[in-house]
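In this text, residue positions in the sequence shown follow the working numbering: the first is -18, and each later residue adds one. Every residue gets a Cβ at the ideal spot worked out from N, C-alpha and C, and that includes glycine.
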Amino acid sequence: MVWKQFQNRFWGYYRTIYDRVYTPGYYTSTTKYFWETNLYDLSDMSLIYSTQTESFDPESSERLGHEYGKLIISDLTSKNVLKPAN
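Following this line, the structure appears as structure tokens:
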């Protein structure tokens, strides 16, 4: 009698978990990128600029690289490391 009660609880649990695990969207995967950019003055090898950032699940690596490049140029310009083009 005790075994039957345990067995019923187990199969109820199993069905519940099985349904959850095999429902689309239960498992997900993510891609995480860490970026670091350093800019040096080659005349004396001094570090002029350094930044680190991270991003998650980009649409594509090409788009991520392009957008990251634009952000770095904007940051370099705002910190007067680069002067805007005339």
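Is the Cβ of residue i closer than 9 angstroms to any Cβ of chain B?
i          : result
residue 45 : Chain labels in this structure do not include chain B; a single protein chain is all it has.
Give a yes or no on whether the C-beta atoms belonging to residue i and residue j are separated by under 9 angstroms.
i          : j          : result
residue 20 : residue 57 : yes
residue 45 : residue 55 : no
residue -6 : residue 16 : no
residue 14 : residue 39 : yes
Looking only at DSSP bridge pairs, what is residue i linked to?
i          : result
residue 22 : 27
Provide the residue span of the alpha helix (DSSP H) that contains residue i, from first to last.
i          : result
residue 70 : Nothing can be reported for residue 70, as the shown portion of the chain is limited to -18 through 67.
Quick one: what's got a C-beta closer than 8 angstroms to residue i's C-beta in the same chain, skipping five residues either side?
i          : result
residue -9 : none
residue 47 : none
residue -2 : none
residue 11 : 37 and 38
residue 42 : none
Using a Cβ-Cβ cutoff of less than 7 angstroms, which residues in the same chain neighbour residue i once the five nearest sequence positions on both sides are dropped?
i         : result
residue 2 : none
Open item on the list: Tell me whether the region 16 to 36 and the region 55 to 66 touch, counting them as touching only if at least three CB pairs, one residue from each stretch, are closer than 8 angstroms.
Closed with: The region 16 to 36 vs the region 55 to 66: in contact.
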